[in-house]
Each structure stands twice: as structure tokens, then as C-alpha cells.
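All remarks here apply to the structure that follows.
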Amino acid sequence: MTDPHTQLDAVGIAWRLGATVFFVLLNGFFVATEFALVKVRATRIDNLAKEGNRSAVIVQHILKHMDRYLSACQLGITLASLILGALGEPAVSVLLIA
């Protein structure tokens, strides 16, 4: 049986490397969102919402349901990491072996 890593052509490697970069960035987005939710000052958001800031009103809703949003962030991190490993590992291993 042949090694599937050696069957990747240049286009396949380039496509997988591009997808790898995308999923690294997507993973970073979910991590940054998670940290932002945890670190945001609720009092500051409340003041902005009272001043009529529409974005602050949305953030207030998110903070009231933070457990759901943090779970969504964790799910996004997990899925992005799994897909990153599945797509990125073959391309990176071919480059390291070559």
C-alpha cells in the first residue's frame, strides 16, 4: 500500500497549505472571541448601551447568554483544529520530508 502523503501533487499541496492558513486564522478568530467575551467589562458595555450604542446592546445580549457563546467558541476552536490537522498534516509532512 502506498503512502497517501506521497500522492499529493503541487496543486494539492498548495490547496492544503492555503486551507491550513485559513483554518489557523479561523481558529485564532474563535480564540480571540472567547478571550474578548471573558475579559469585557460589563459595566462599560452597560454605559455604552445606555448611551444608545447598538453594538453594546448586542454585546449585552451575548453577555447574558455567555455560556452558549463560549460553548460556540469552543466548538469552533475544536472543529477548526480538527480540520486543520486533517488538511494540514499531509501537506506539511510532504514539505518536511522533501
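Taking the working numbering, the leading residue of the sequence shown gets 491, the next gets one more, and so forth.
Cβ coordinates follow ideal geometry from the N, Cα and C atoms, glycine included.
Since the model is a prediction, treat every value here as computed from it, not as a measurement.
Cβ atoms of residue j and residue i: under 8 Å apart, would you say?
i	j	result
N537	S571	no
V521	L574	no
L498	V584	yes
L577	A509	yes
V549	I535	yes
A532	A539	no
By Cβ distance, which residues of its chain are closer than 8 Å to residue i, with the 5 residues on each side in sequence left out?
i	result
L527	I552, L553, M556, Y559, L560, C563
Spatial neighbours of residue i within its chain, please: CB distance less than 7 Å, with the 5 preceding and 5 following residues excluded, ordered by chain position.
i	result
V511	none
When burial is assigned at 16 or more other CB atoms within 10 Å of the CB, is residue i buried or exposed?
i	result
V501	exposed
R506	buried
I587	exposed
Pick out whichever of the options has its Cα sitting closest to the Cα of residue i.
i	options	result
F519	N543, G542, L565	L565
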